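Structure record follows, encoded as structure tokens.
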Amino acid sequence: MNTIAFIVENRPGVLFKVSNMFRRRGYNIESISVGPLTDRSLARMTVTVEADGRMLRNLIEQLERMVEVVRVKPLDRRRTVMREMALVKLNTADPMAREEALKLVNSHHGLILDIDEMHLVAEVTGTPEEIDRFLEEVRPIGIVELSRTGATALERGSVRL
Amino acid sequence: MAEMSGAEAFVKALEGEGVETLFGVPGGAVIPLCDALYESEIRFVLARHEQGAAHMADGYARASGRVGVCLATSGPGATNLVTGITTANIDSSPVVAFTGQVPTSMIGTDAFQEVDIIGVTASITKHNIQVTRPREIPPAVKAAFYIASTGRRGVVLVDLPKDAQTSVEEVEFPERVEFKGYRIHPDPDPRRLDRAATLLASAERPVILAGGGVIASDACGELLELAELLMAPVATTLMGKGAIPSGHPLYVGMCGMHGTWEANHLVSEADSLLVVGSRLSDRTTGRVEEFTEAKLIHVDIDASEFDKNVESWMRVRGDAKLALRGLIERLRHISTREHSGWLGRLEELRGQYREVKREEGEGVKPPDLMRALRRLLPRDAIVTTEVGQCQMWAALHLDVYAPRTFLSSGGLGTMGWGFPAAIGAKAAKPDVPVVDIAGDGSFGMTENNLATSVEEGLPVIVLILNNRVLGMVAQWQRLFYGRRYFGVHLGDSPDFVKLAEAYGAVGVRPGSIGEFEAAVKEAMRSEVAIVIDVPIDSEENVFPMVPPGRGLREILVEG
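Protein chains in written order, with my numbering: chain A, 1 to 161; chain B, 1 to 559.
What follows is the structure, given as structure tokens:
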């Protein structure tokens, strides 16, 4: 899995054009996250995609030639901090399950956002792999609903996109 | 700053870009634009279908090197442009298309003649823009012409909602527009040119493969100079035909599925291959794994073409003219390796082909028609083609002496392109004869443009190689599907001579090369379009041919 970060013009239709290009060229977007920069005329997108060396290079060149795309960079995982957030609703009607759920959420430094007799909603943040691990651990308890944001990332140190 | 309607701003912006001719079909959503054009000197050429309008703009652009412009209304007008836009864009032809749109307040409501043309054309344009108010129109027009005509050229579509045309506000006409994300990289990296020059100088078997980018960047003089400096054979792609004059001793013809015997063998056998301004499409490379043994230097303005289809030894990003000039400067100071044996190989291949090729049989043969046509046309005449057998006969057998005089739909392979493109070329170059080399199948797809040709005073010559069959499909069925002909026989309808006459054009049906020559002579004097309908054998094949999925050297010279 590769991660690409790029800056686009923050206008209606740009997300469509970017995702349409991925579809057109046969790339499958694993996750995508988008948000405006402090200069709100621009937005930053982070995409994780399954692509090897030559495919990845071609994908970056396809992005670069788009008029709306300002800058593109493939991110080296070793020099990048990456985070994804997941909201998980667990079935905690059974007190034993609830206790187990609280323990697992705590051990992953998560937050409990909502709780009632039947359910619990937890927020967990981490690398996509950490989230996968958390979900694996809570699966026996019973996942009622799940919403993941997709990864967002910044390079370490003084480098910037 | 001046107060005006969006439609007035549109016309003023077009005039500012130097637009002289606009090809189109009006409709409800562009009537305000028509009303503003009423006051303008811009010539409006009324097509009979929007596909034709887009092809005319494309033909105009390819013949002149300037941006071609077309206009269509919303809904079906806009969707009818789609084939034309796609054809121009894939062949990197600079075209700006304007579409009407329903008023902004109705967008998204499935209003009458509403279509999401921005969504529809996102993957078939270089860029597209929808404006929402008059003051956005001048910068959108400026951006459209700039993007269409710079870097790798292409199509830009501007969608104009009706209320943006009719409302009035203060508008400004910018001299230039800024883009955060649009950059052209014309200057090649000097170190890469150094290495490329060293490789080419030391090559034993150098070949240059020239694509349409050489013509687009006006680099044909540089191509010839480099070829003569290196004494390297030059092959072209279909889009590159005209980049080097036919008959030049180093020119070996087109490479690819219907490439020449010499070009296909030399490209395969080369040890250094300089590819300039070509996408290296599957029709050029044949089976990619067997395309060439050479170290490939790929020169292109569009980095996304590098290593897309064929892996290169070195990529040189930049304008073809600048890159070729850089190579010439370097090679003047490096002695190139002696390779007379390689030129001997070229002569050997030419000899081989003279022995293996066959042009037998009765009746009028397409290669003879191409040669006869060439003898009669002036050297600067423009030839367009339709798509299929007629196109490949023209590509193989019609000599071309200058860039922008052989125009063909390469990437999309659009039947019906050649005739409206010829009309567009005639609008750009009214003083030279323009000939569409057509098949009966292709011509039938856009023949209604005869009305435009006659009414607008844009006389072109249509040469129909009439085999009463969709010839290229029939050829594949004959060669690869055991002659199981399906869905290819067109029959004797229509009578193209009568059809031409019905439109007020001239139709003739020569039965021999002599009669054909007389018809061409008459055609060049004709003040209206003339359709020369030449019956040919329906079993005729185009050879040489590389069967689909095979390497370039697996070239067939007979069925």
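Glycine residues also receive a C-beta, built at the ideal position from the N, C-alpha and C atoms.
As the structure is a computational prediction, the values presented were derived from the model and not from experiment.
- Taking every protein chain shown into account, the CB of K103(A) has fewer than 16 other CB atoms within 10 angstroms, so this residue is exposed.
- Put simply, the backbone Cα of I184(B) is about 50 angstroms away from that of I513(B).
- For D302(B), the neighbours in chain A by C-beta distance under 7 angstroms run, in chain order, R65.
- DSSP, reduced to helix, strand and coil, places Y353(B) within a helical segment of the structure shown.
- By the Cβ criterion, the segment 154 to 172 of chain B is in contact with the segment 94 to 105 of chain B, since at least three pairs of Cβ atoms, one from each stretch, lie closer than 8 angstroms.
- Residue environment analysis places L266(B) among the buried positions, since at least 16 neighbouring C-beta atoms fall within 10 angstroms of its C-beta.
- Shown in chain order are the members of the segment 95 to 127 of chain B whose Cβ falls below 8 angstroms from a Cβ of chain A: I118, G119, A122, S123, K126 and H127.
- At a cut-off of 8 angstroms between beta carbons, G318(B) makes no contact with chain A.
- Using a 10 angstroms sphere on the CB of L120(A), the tally of other CB atoms reaches 16 or more, which defines it as buried.
- Taken through DSSP and simplified to helix, strand or coil, D533(B) comes out as strand.
- Using beta-carbon distances, G142(A) does not count as an interface residue toward chain B, since no partner is under 8 angstroms.
- In this structure, the beta-carbon distance from V131(B) to E114(B) does not fall below 8 angstroms.
- If you ignore the 5 residues before and after M524(B), its C-beta comes within less than 7 angstroms of the C-beta of P433, all in its own chain and listed in chain order.
- In the structure shown, L229(B) adopts helical secondary structure according to DSSP, grouped into three states.
- Listed in chain order, the non-local C-beta contacts of A519(B) below 8 angstroms within the same chain comprise V508, P510, I530 and I532, local neighbours out to five positions each way being set aside.
- Looking at the backbone, the Cα of N541(B) and that of G247(B) are separated by about 24 angstroms.
- Less than 8 angstroms separates the beta-carbon of R83(A) from that of G126(A).
- Distance from Y60(B) to T21(B) at the Cβ level is roughly 7 angstroms; contact confirmed, criterion being Cβ atoms closer than 8 angstroms.
- Distance between V69(A) and Y182(B), taken at the CA atoms: about 8 angstroms.
- The segment 384 to 395 of chain B and the segment 404 to 424 of chain B touch, with three or more beta-carbon pairs separated by less than 8 angstroms.
- G13(A) belongs to the set of residues whose beta carbon lies under 8 angstroms from a beta carbon in chain B.
- Of the candidates R205(B), L199(B) and P494(B), R205(B) places its Cα closest to the Cα of G341(B).
- For K295(B), the uninterrupted beta strand (DSSP E) run begins and ends at K295 to D300, by DSSP.
- R79(A) counts as exposed, since fewer than 16 other C-beta atoms from the protein chains shown sit within 10 angstroms of its C-beta.
- Look at C70(B) here: in three-state DSSP terms it is strand.
- Residues of chain A with a Cβ closer than 8 angstroms to the Cβ of F179(B) are, in chain order, V67.
- Scanning E338(B), V214(B), A53(B) and V387(B) for the CA closest to the CA of L322(B) turns up V214(B).
- Using a Cβ-Cβ cut-off of 7 angstroms, Y182(B) is close to V67 of chain A, given in chain order.
- At the C-beta level, V171(B) and A427(B) stay beyond 8 angstroms of one another.
- Taking a Cβ-Cβ threshold of 7 angstroms, the residues of chain A close to K308(B) are N58, in chain order.
- Distance from the CA atom of V81(A) to the CA atom of L161(A), rounded to whole angstroms, is 13 angstroms.
- M545(B) sits in a strand when the DSSP states are folded into three classes.
- Scanning its chain for C-beta atoms nearer than 7 angstroms, with the 5 sequence neighbours on each side dropped, one finds around R287(B) the residues G549, R550 and G551, in chain order.
- DSSP places M96(A) in the helix class (H, G or I) of the three-state scheme.
- Close to I147(B), with beta-carbon spacing below 8 angstroms, are these residues of chain A in chain order: V67.
- Straight through space, the alpha carbons of A47(B) and E145(A) are spaced by roughly 57 angstroms.
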